[in-house]
Amino acid sequence: MVQAISYLIQQFFYRIMEFFVHWYGNSFFILGGRAVNILEFLDRRLAFKVTLRHFIQPLYQDYSIIGYALGFVFRGARLVLAFLLYAIIVLVFAAAYLLWAAIPLYIIRQIIYL
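For reference, each letter of the sequence shown is one residue, going 0 to 113 in numbering that gives the first Met the number 0.
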């Protein structure tokens, strides 16, 4: 009888730990993976790293002053736009994860203060 009660208590705490590992750990990797996929897709379109590498080169190999000026302006605008878009994506996924992480805490709080 004592072994059965010991086993049930052990399983109770084991299942609670499994829930938290699944809820927080696995969901973090799922949301993080989706965020990385979206950021990779955007990087293929916006080419932040490539644009940064060629930032001071003239636009379309036009080595006149106008080519340098337009290259600086257009690439600068593209870098700012890409950075803002990346930041928005990261913030949205961070907020989604924090909301997801708060759900069990909110439920426990509602149960305690019912």
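C-beta atoms are modelled at their ideal positions from N, C-alpha and C, and glycine is treated no differently.
Since this is a predicted model, take the numbers as computed values, not measurements.
Sub-7 Å separation of residue i and residue j beta-carbons
i: Ile37; j: Ile88; result: yes
i: Phe47; j: Ala81; result: yes
i: Pro57; j: Gly75; result: no
i: Arg77; j: Thr50; result: yes
For residue i, three-class secondary structure by DSSP
i: Ile55; result: coil
i: Ser63; result: coil
i: Met16; result: helix
i: Leu113; result: coil
Nearest candidate by alpha-carbon position, reference residue i, set the options
i: Phe27; options: Leu97, Tyr59, Gln109; result: Leu97
i: Phe19; options: Ile110, Leu45, Ala101; result: Ala101
i: Val35; options: Ala68, Tyr85, Leu7; result: Tyr85
i: Asp42; options: Ala3, Ala68, Leu83; result: Leu83
i: Trp155; options: Phe73, Trp22, Leu90, Arg52; result: Beyond the ends of the chain as shown, which are 0 and 113, falls residue 155; an answer cannot be given.
i: Phe92; options: Phe40, Tyr13, Gly31; result: Gly31
Distance cut-off 6 Å: residue i Cβ against heavy atoms of the ligand FMN
i: Val1; result: Among the components modelled here there is no ligand, and therefore nothing to report on the ligand FMN.
- Query: Which runs of the alpha helix (DSSP H) spanning at least 4 residues fall entirely within the stretch 20-49, listed in chain order?
  - Reply: If only complete runs of 4 or more residues are kept, the stretch 20-49 shows the alpha helix (DSSP H) at 26-45, in order along the chain.
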